[in-house]
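Visitor: Provided herewith is a single structure, encoded as C-alpha cells, for subsequent inquiry.
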Amino acid sequence: MSETALPSAPPVTTIAELGKHEGQSVLLRGWLYNLRESGKLLFPIFRDGTGTIQGVAHKAGVSAEVFETLKGLTQESSVKVTGKVRADKRAPGGYELDVEQVEVVQRVPEEDPYPITPKDHGVDFLMERRHLWVRSTRQAAILRVRAEIMRAAAEYFDTNGFTRTDPPILTPAACEGTSTLFPVDYFGEEAFLTQSGQLYIESTALALGKVYSFGPTFRAEKSKTRRHLTEFWMIEPEVAFCDLDGLMELAENFIAHIVQSVLAKRKADLLVIGRDIAKLEAIAAPFPRLRYDAAVEMLNQAFKDGHLEQPFEYGNDFGSPDETWLSSQFDRPVMVHRYPAAVKAFYMQPDPENPQFAMCVDVLAPEGYGEIIGGSQRVDSYDLLKNRIEEHKLPMDAFQWYLDLRRYGSVPHAGFGMGIERAVAWICGLDHVRETIPFARTLNRMFP
RNA sequence: UGCCUGGUAGCUCAGUGGCAGAGCAGGUGACUGUUAAUCACUUGGUCGCUGGUUCGAUCCCAGCCCGGGCAGCCA
Numbered sequence: 001m002s003e004t005a006l007p008s009a010p011p012v013t014t015i016a017e018l019g020k021h022e023g024q025s026v027l028l029r030g031w032l033y034n035l036r037e038s039g040k041l042l043f044p045i046f047r048d049g050t051g052t053i054q055g056v057a058h059k060a061g062v063s064a065e066v067f068e069t070l071k072g073l074t075q076e077s078s079v080k081v082t083g084k085v086r087a088d089k090r091a092p093g094g095y096e097l098d099v100e101q102v103e104v105v106q107r108v109p110e111e112d113p114y115p116i117t118p119k120d121h122g123v124d125f126l127m128e129r130r131h132l133w134v135r136s137t138r139q140a141a142i143l144r145v146r147a148e149i150m151r152a153a154a155e156y157f158d159t160n161g162f163t164r165t166d167p168p169i170l171t172p173a174a175c176e177g178t179s180t181l182f183p184v185d186y187f188g189e190e191a192f193l194t195q196s197g198q199l200y201i202e203s204t205a206l207a208l209g210k211v212y213s214f215g216p217t218f219r220a221e222k223s224k225t226r227r228h229l230t231e232f233w234m235i236e237p238e239v240a241f242c243d244l245d246g247l248m249e250l251a252e253n254f255i256a257h258i259v260q261s262v263l264a265k266r267k268a269d270l271l272v273i274g275r276d277i278a279k280l281e282a283i284a285a286p287f288p289r290l291r292y293d294a295a296v297e298m299l300n301q302a303f304k305d306g307h308l309e310q311p312f313e314y315g316n317d318f319g320s321p322d323e324t325w326l327s328s329q330f331d332r333p334v335m336v337h338r339y340p341a342a343v344k345a346f347y348m349q350p351d352p353e354n355p356q357f358a359m360c361v362d363v364l365a366p367e368g369y370g371e372i373i374g375g376s377q378r379v380d381s382y383d384l385l386k387n388r389i390e391e392h393k394l395p396m397d398a399f400q401w402y403l404d405l406r407r408y409g410s411v412p413h414a415g416f417g418m419g420i421e422r423a424v425a426w427i428c429g430l431d432h433v434r435e436t437i438p439f440a441r442t443l444n445r446m447f448p
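Just so we're aligned: the first sequence equals residues 1 to 448 in my numbering.
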C-alpha cells in the first residue's frame, strides 16, 4: 500500500467505485482482461474483481515507455494502472480510463499464454481450468450473486429470531437411511460425511426455538444431471411449535427476501449473466400452493394434451419431467404439499385428516428449474416415530437420541432444506449447477 | 447403474479407405475509437489408447480409457 502513503499519489479505488471519481486520476490494481490495438491507439481492458473497465492510450497522449509497455502486454498480466476517469457513452459501463501510468506486477509470458481466451471453450476444458475460469466476467458475476444469496438467506433467519446452530459434518450413521453416504475412516471406525443436518437441528430447535444450519452436505449418489453435485451447500431452518402451514409461509417469505435482495444489490451482475430481470421481479409472496392430488390432475391433463411423454401413476413421487412441467406452469415458485406418505421419509408427520398423506412440501422454482426446497412437519409422537424406524428397518440404537426428542417435551415442529446451488442456478438462469459453486464436485470431477 | 452421444492443432470444430483442414489463439507487420476489432503473412498434428480387417486405417470392426446429455436418486 505504499502508493497510498504518498500525499500526491492518486487514490486507490476499484472499478465498481469509479463513478465516484469522474474527472480524477485514480490507481487501479488488477489484471489485463483483453487488449485491442488500432495503430497508435490502444484499448486495454482491465478487471479488478469488481468489474471491468476499458482503458484508452493514445500514442501521443502517454509516455513512450507506457505505450510500449501496454502495446505488447499479455492477457491476465497483473498490473497497477493510473488513469483519469472519464464518462463515455460508448463504454458498456459508462466510464473509460485514460491511461497515464502502468506498472506491470507480473507479465504473462508470450510462450505460455493465458489459456482461456475470450472465445468459445468446451465444458471440460473450462472445468479442468476452473481455478482460472473464475476470473471471467460471467463466472465472477455468478459468484457474486451466489454470495449475495447466501448472505441474504442467513440475514433472513438472523433478523427473524433464528439462532444458527451448525450440525456436525462427520456423522456416525445415515440420517435418513436412503441416500448413499461418503464413508470416512475415523480412527479406525467408520464414519460418514453428513447428508443433512436435519436430525441434529431438530434437537437444537427444541433447545432454542427457532434455529437454522448452513453448511456443506454430501451425497454419494452417482447422479449425472444438471441439478446434482456430490458436495453442495444447504441452509436448513427448523422451528419448534410450527406446522406445515407455518412452514410454507416461512418458505415463501424466505425465498422472496432472497430474490429481492439479489435484485437490489446485484442487478448489474444479473445483467452480465443475461438473466431476464422481469421474471425475478415477479417473485413475491404468497406463492401458489398445490396439494399433491391437484398436481397429479394437472399432470394427467398435461399427458392427455401431449405435454408429457409418460402417463403419471397416482401414488408415485414426481419425476424430473413432471416437476419441470409443473414448475413451468407458474410465474413464481409453486409449493406442492401432502405427498403420499409411502414415498416420503420416515420422519414426516402424517396428515391428521388422512394419514395416507405426509405433511410435507416441495418448493419448485419456476421456468422449469424444479425442486429447490424440500421440507416437512416432523413426527412428534414417540410411538409413531419408533414404529416408523422399525418399518424402515433403521438401526434403533442409532436413533435413540433422536427418539429422546419425543420422550422429553415433544412438540410439533417443522423445517426445510434449500439447496444453495439450485437456488443460484434458478436466480441466475443457468443451465447447470456446476457454474454456481467455486469448485464443483461432481461424479466425474474432483479437480482442481 | 441404464439409454443416447462425443474424443482430429493451444481452443472450437469440419473432413476423407490413398499428401492432415478451417476459424480463433500464439508470432510478425499495418491501422487514432476498437467493443469476441479488422486486414496481410506465419508457427503449430501420437487424428484418445490397444489390437484386428486391408496393398494401405484418422476413417471400417472389437476391446479399453476419458468426457458430455437424459433418466433414476435427491437439494
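Where a beta carbon is used, it is the ideal one built from N, C-alpha and C, also for glycine.
Every value quoted in this text rests on a predicted model; they were computed, and no experiment measured them.
Since phenylalanine 67 contacts glycine 55 with CB under 8 Å, what's their CB separation in whole angstroms?
Guide: Phenylalanine 67 to glycine 55, Cβ: 12 Å. No contact.
Visitor: Compare the beta carbon distance of glutamate 217 and serine 196 with 8 Å and say whether it is the shorter of the two.
Guide: Reading the sequence as shown, one finds threonine at residue 217 and not glutamate. Contact flag set, yes.
Visitor: Which residues does DSSP pair with asparagine 354 in a beta bridge?
Guide: According to DSSP, asparagine 354 bridges with Asp351.
Visitor: In the DSSP assignment, the alpha helix (DSSP H) including arginine 289 goes from what residue to what residue?
Guide: That residue, arginine 289, is in no alpha helix (DSSP H); its beta strand (DSSP E) goes 289–291.
Visitor: Assign lysine 210 to one of two classes, buried (16 or more other C-beta atoms within 10 Å of its C-beta) or exposed (fewer than that).
Guide: Buried is the call here.
Visitor: Just verifying my parser: in three-state terms, what is the DSSP assignment at phenylalanine 192?
Guide: Note: phenylalanine 192 maps to strand in three-state DSSP.
Visitor: Give every residue of the same chain whose Cβ lies closer than 7 Å to the Cβ of methionine 150, excluding the five residues on either side of it in the sequence, and list them in chain order.
Guide: Excluding residues within five positions, the ones whose Cβ falls inside 7 Å are Ile420.
Visitor: In three-state terms, what does DSSP make of isoleucine 427?
Guide: It is helical.
Visitor: Tell me the DSSP secondary structure of methionine 359 in three-state form.
Guide: Three-state DSSP puts methionine 359 in coil, outside helix and strand.
Visitor: Here's a check: name, in chain order, each residue in its chain whose Cβ is nearer than 7 Å to the Cβ of arginine 129, leaving out the five neighbours to either side.
Guide: Excluding sequence neighbours, arginine 129 sits near Pro115 and Ile116.
Visitor: Using DSSP's beta-bridge definition, name the partner residues of lysine 84.
Guide: According to DSSP, lysine 84 bridges with Ser25 and Asp98.
Visitor: What distance in whole Å lies between the Cβ atoms of arginine 289 and methionine 248, which are believed to be in contact at a cut-off of 8 Å?
Guide: Going by Cβ atoms, the distance from methionine 248 to arginine 289 rounds to 6 Å, so yes, they are a contact pair.
Visitor: Assuming threonine 52 is part of the alpha helix (DSSP H), what are its boundary residues?
Guide: Careful: threonine 52 lies outside any alpha helix (DSSP H), inside the beta strand (DSSP E) at 52–58.
Visitor: Could you pull the DSSP bridge partners for arginine 47 from this structure?
Guide: Its beta-bridge partners are Trp31 and Thr52.
Visitor: Mapping DSSP to helix, strand and coil, what is glycine 19?
Guide: Reduced to three states, the DSSP call for glycine 19 is helix.
Visitor: Does the Cβ-Cβ distance between glutamate 22 and alanine 87 come in under 8 Å?
Guide: Against a cut-off of 8 Å, the Cβ pair of alanine 87 and glutamate 22 comes out as a contact.
Visitor: Could you check which residue in Gly39, Gly429, Val26 and Pro366 has the C-alpha nearest to that of glutamate 100?
Guide: Selected option, being the one with the closest Cα: Val26.
Visitor: The beta strand (DSSP E) that contains threonine 452, what's its start and end?
Guide: Examination of residue 452 is not possible in this model, given that the chain is present from 1 through 448 alone.
Visitor: Quick one: what's got a C-beta closer than 7 Å to glycine 370's C-beta in the same chain, skipping five residues either side?
Guide: Around glycine 370: Arg227, Ser320, Glu323, Thr324, Ser327 and Leu364.
Visitor: Just mark glycine 315 as buried or exposed, buried being the case when its beta carbon has 16 or more other beta carbons within 10 Å.
Guide: So glycine 315 ends up on the exposed side.
Visitor: My output table needs one value for phenylalanine 416: the three-state DSSP class, helix, strand or coil.
Guide: Strand, per DSSP.
Visitor: Using a Cβ-Cβ cutoff of less than 7 Å, which residues in the same chain neighbour arginine 441 once the five nearest sequence positions on both sides are dropped?
Guide: Result list for arginine 441: Leu229, Thr230 and Glu231, in chain order.
Visitor: Alpha carbon to alpha carbon, what distance is there between lysine 304 and phenylalanine 214?
Guide: Cα-Cα distance, rounded: 42 Å.
Visitor: For glycine 246, which three-state DSSP category applies?
Guide: Helix.
Visitor: Start and end of the beta strand (DSSP E) containing glutamine 377?
Guide: Looking at the DSSP string, the run of the beta strand (DSSP E) that includes glutamine 377 is 370–377.
Visitor: Using only CA atoms, which one of Gln377, Gly19 and Ile437 lies nearest to cysteine 242?
Guide: The candidate whose alpha carbon is nearest that of cysteine 242 is Gln377.
Visitor: Report the residue ranges of all alpha helix (DSSP H) runs contained in full by the segment 282–347; include only those spanning at least 4 residues, in chain order.
Guide: Runs found: 292–304 and 320–327.
Visitor: Along the beta strand (DSSP E) that carries methionine 446, what are the first and last residues, could you check?
Guide: Here methionine 446 belongs to no beta strand (DSSP E), and DSSP marks it neither H nor E.
Visitor: For glutamate 103, which residues does DSSP report across the bridge?
Guide: Bridge partners of glutamate 103: Lys80.
Visitor: Rounded to the nearest angstrom, what separates glutamate 3 and alanine 9 at their Cα positions?
Guide: A caution first: glutamate 3 carries a pLDDT of 48, below 50, which makes its placement in the model unreliable, though a value can still be read off. Going from the Cα of glutamate 3 to the Cα of alanine 9 covers about 6 Å.
Visitor: Using three-state DSSP, classify aspartate 158 as helix, strand or coil.
Guide: Residue state, collapsed to three classes: helix.
Visitor: DSSP has arginine 36 in a bridge; who is on the other side?
Guide: DSSP output for arginine 36 lists Phe43 as bridge partner(s).
Visitor: Under a three-way DSSP split, which group does tyrosine 449 fall into?
Guide: Because the chain spans 1 through 448 in this model, residue 449 falls outside it and cannot be assessed.
Visitor: I'd like the list of long-range same chain contacts for aspartate 380, defined as Cβ closer than 8 Å, with 5 residues on each side in sequence excluded.
Guide: Around aspartate 380: Gln349, Arg406, Ser410, Val411, Pro412 and His413.
Visitor: Tell me the DSSP secondary structure of leucine 73 in three-state form.
Guide: Reduced to three states, the DSSP call for leucine 73 is coil.
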